[in-house]
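Step one of this worksheet: look at the structure below.
There are 2 protein chains.
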Amino acid sequence: MRNARSRRPGRPPQVEIDEPTAEKILRAAAECFMDQGFAAVSMDDVAERADVTKAVVYYYYGSKTELFQRAMMAVMRASRERTQAILREHGPLRERLQKLTRTRLAIPATLDMNHILRGSQRALRQDQLDEMHRAEEQLVEVIAQALHAEMAEGRLRPVDAVFVARSYLALLGMGQAELRRRGGGQAAIDEIAADIVDLLWRGIEPR
Amino acid sequence: MRNARSRRPGRPPQVEIDEPTAEKILRAAAECFMDQGFAAVSMDDVAERADVTKAVVYYYYGSKTELFQRAMMAVMRASRERTQAILREHGPLRERLQKLTRTRLAIPATLDMNHILRGSQRALRQDQLDEMHRAEEQLVEVIAQALHAEMAEGRLRPVDAVFVARSYLALLGMGQAELRRRGGGQAAIDEIAADIVDLLWRGIEPR
DNA sequence: GTCTATACGCCGATAGAC
DNA sequence: GTCTATCGGCGTATAGAC
């Protein structure tokens, strides 16, 4: 048997880098809630997914509604920033949209607030609902701004940019459902993204 | 005090025609489930909305899942028939689509199965899920057929009709959300319907 | 910080009176 | 057919040991 002292000094390397518990829970909660919705997810479900006990979840987040809101706000914030980053790149808008669509299809995160808030209205306080709706409007605004800038240059016909932005998000949601049906890999993602952007683009390009 | 015999003979007219209890419950259930989703609705909620007690609900429907499925299947069936009726009318497809959109926006019934089934997967049996997915495919097929017929005549560019049908349903869902935001009446309905069909039509009309 | 144990209410479902 | 009453389980939330 090896002597214990033969171990190398210093802290042993960890197999995985430990995510701080609070973040681990938040991520698990986001996955659960986006998959099943507020009402269908129990705190035990979240705890199990985060590999902690329910009491630990309550140590970091005081209630289910608080956890729900924090998790969803984090998702919306990250989504908005990624979206903004892609839309602010250089190149034709159509190609930026295509890249955005491919990126969004590759991750299962839904951006549709009406989808997310389903079945949670009775549980959430009004100010929580308001905050989440504001988060959605900010995301819509990011997309609408990109469209508006393009219109100002005359490369798009003048339409209601907010309406088009919401249409895009709706089509994106359909694309995610389509992807789940096909269970496809990158090829399916590329194809669906191309179809979505093609349909949308024909709807807004000038003649 | 009037003599009881002064009452007119025969059955007194009812203020409202009584809907049979089973149908009344089914309708209440459909409203609840479409509004809140499966998990967020309790049998007491349905009973209250149908103005009966919970025990009566269980007298007609053996379980929550059974009630859910029957209610949603009834909605999908009615929606498919109404959709088919409108799309089979005469006149340009674009106008039929516009009428369909206005009609669908006027009623709050969601047709998006992915929306409806959210948070119910763990509760439903696989054969129930399959049946509901089939119901959605049938609705998609009705719309896709109308598109296909138009393509065969060369009045639409050749696209994946099923994909376009799903896109239309996604835009319709967005329109319903938009309508809830504006809280609008017929004017808002007409405007949103026009915008949706315009966007979609530009995407599929030949050049 | 994380655990076990538990209080307590709500919900699905049933029994039995009327 | 419809009611009241109730059972058992799950789910949120908390107390208190470690």
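So the protein lines, in turn, are chains R and G.
82 is the number of the first residue of the first sequence in my numbering; add one for each residue after it.
82 is the number of the first residue of the second sequence in my numbering; add one for each residue after it.
We put the beta carbon where it would ideally sit given N, CA and C, even for glycine.
Taking 7 Å as the CB threshold, Asp-125(G) stays off the interface with chain R.
Val-127(R) is the residue among Arg-177(R), Glu-234(R), Val-122(R), Val-127(R) whose C-alpha sits nearest the C-alpha of Glu-104(R). Less than 7 Å divides the Cβ of Arg-283(R) from the Cβ of Gly-284(G). In this model, Ala-166(G) and Leu-181(G) are separated by some 9 Å (Cα to Cα). Residues of the stretch 245-259 of chain R with a C-beta less than 8 Å from any C-beta of chain G: Val-245, Arg-247, Ser-248, Leu-250, Ala-251, Leu-252, Gly-254, Met-255, Ala-258, Glu-259, listed in chain order.
Its Cα nearest to that of Leu-107(G), the residue Ser-144(G) stands out among Leu-260(G), Arg-206(G), Ser-144(G), Ala-225(G). Against Ala-120(R), the close residues of chain G are Gln-117, Gly-118, Phe-119, Ala-120, Ala-121, Val-122, Gly-200, in the order they occur along the chain (beta-carbon pairs closer than 9 Å). Of all alpha-carbon atoms in Arg-177(R), Thr-146(R), Leu-220(R), the one lying nearest the alpha-carbon of Leu-192(R) is that of Leu-220(R). For Gly-143(G), the secondary structure class from DSSP, reduced to helix, strand or coil, is coil. Among the residues of chain G, none has a CB under 9 Å from the CB of Leu-237(R); the nearest is roughly 12 Å distant.
Here Ala-225(G) really is in contact with Val-243(G); their C-beta atoms are around 5 Å apart, less than 8 Å. Neighbours of Arg-283(R) in chain G, taken as residues whose beta carbon is under 7 Å from its own, are Arg-283, Gly-284 in chain order.
Taken in chain order, the whole alpha helix (DSSP H) runs of length 4 or more contained in the stretch 214-277 of chain G are 242-263. Chain G places no beta carbon closer than 7 Å to that of Leu-181(R), leaving this residue out of the contacts. Straight through space, the alpha carbons of Gly-254(G) and Glu-222(R) are spaced by roughly 19 Å. Any Cβ of chain G closer than 7 Å to the Cβ of Leu-148(R) would place that residue at the interface, and such an atom is absent. With fewer than 16 other CB atoms across the displayed protein chains lying within 10 angstroms of its CB, Ile-188(G) is exposed. The residue from Arg-261(R), Met-194(R), Val-245(R) with its alpha-carbon nearest to that of Glu-286(R) is Val-245(R).
Against His-196(R), the close residues of chain G are His-196, Arg-199, in the order they occur along the chain (beta-carbon pairs closer than 8 Å).
DSSP places Asp-208(G) in the helix class (H, G or I) of the three-state scheme. Using a CB distance below 9 Å, no part of the stretch 129-162 of chain G faces chain R. Three or more beta-carbon pairs drawn from the stretch 108-126 of chain R and the stretch 196-208 of chain R are found closer than 8 Å, and the two stretches are therefore classed as touching. Under the criterion of beta carbons closer than 8 Å, Ala-190(R) and Met-115(R) qualify as touching, at roughly 6 Å.
For Arg-185(R), the number of other beta carbons within 10 angstroms of its own is at least 16, and it is reported as buried. Taking the C-beta atoms as reference points, Val-278(G) is found nearer than 7 Å to Leu-178(G). Going by C-alpha positions, Met-213(R) is about 8 Å away from Met-153(R). DSSP, read as helix, strand or coil, puts His-196(R) in helix.
The residue from Ala-230(R), Asn-195(R), Gln-207(R) with its alpha-carbon nearest to that of Glu-218(R) is Asn-195(R). Neighbourhood of Arg-177(R) in chain G, by CB distance below 9 Å: empty, with the nearest CB roughly 19 Å away.
In this structure, DSSP gives Gln-165(R) a helical state, which the three-state scheme calls helix.
Following the DSSP letters along the chain, one finds Ala-109(R) inside the alpha helix (DSSP H) bounded by residues 102-117. The three-state reading of DSSP puts Arg-203(G) in coil, since its state is none of H, G, I, E or B. A straight-line Cα-Cα distance of about 12 Å links Tyr-249(G) and Tyr-249(R).
Per the C-alpha coordinates, the member of Gly-266(R), Ala-111(R), Gln-150(R) positioned closest to Ala-131(R) is Ala-111(R).
The CB of Leu-280(G) comes closer than 7 Å to the CB of Ser-248, Gly-284 in chain R, given here in chain order. For Asp-276(G), the nearest beta carbon of chain R is closer than 7 Å to its own beta carbon.
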